[in-house]
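Asks:
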Amino acid sequence: MNTLLLIFALLDLLLLAWTFRTARPVCSRLWLLRLMLFGMCYDNFVQYIGSGFIEAGWYEGANVGRFLLHAAV
Numbered sequence: 171m172n173t174l175l176l177i178f179a180l181l182d183l184l185l186l187a188w189t190f191r192t193a194r195p196v197c198s199r200l201w202l203l204r205l206m207l208f209g210m211c212y213d214n215f216v217q218y219i220g221s222g223f224i225e226a227g228w229y230e231g232a233n234v235g236r237f238l239l240h241a242a243v
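In this text, residue positions in the sequence shown follow the numbering used here: the first is 171, and each later residue adds one.
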């Protein structure tokens, strides 16, 4: 399962990078897509590292961003 989360995080990161290759004028919908892709990448990556760092103090702080992103969406 952890490998799958890492693969999803990397795919989201690649899609995010791909959105910056467009030559068209940037609109607000494209920025919304970029924010969503960044949030999905962050969420999957934090879940991926969770199995190894669940007891670390900084991991709880990293999850705050995930919860705020989920609440905003």
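A virtual CB, placed ideally from N, CA and C, is assigned to each residue, including glycine.
#1: Taking its Cβ as the centre, do 16 or more other Cβ atoms sit within 10 Å of N172, making it buried, or is it exposed?
#2: Should L238 be labelled buried (16 or more other beta-carbon atoms within 10 Å of its own) or exposed?
#3: Let me know the secondary structure DSSP gives R194 once reduced to three states.
#4: For the candidate residues N233, Q217, W188, whose alpha-carbon lies nearest to that of L119?
#5: Using only CA atoms, which one of Q217, A241, G227, A242 lies nearest to F154?
Replies: Looking at the coordinates:
#1: Taking the first residue of the sequence shown as position 1, residue 172 is located at position 2. The residue in question, N172, is exposed, as its Cβ has fewer than 16 Cβ neighbours within 10 Å.
#2: In the sequence shown, the residue the question calls residue 238 occupies position 68. When all chains shown are included, L238 counts as exposed.
#3: For the purposes of this step, residue 194 is taken as residue 24 along the sequence shown, with counting starting at 1. In this structure, R194 counts as coil in the three-state DSSP scheme.
#4: This structure cannot speak to residue 119, because the chain is shown only from 171 to 243.
#5: Given that the chain is displayed from residue 171 to residue 243, the structure contains no residue 154 and the question cannot be resolved.
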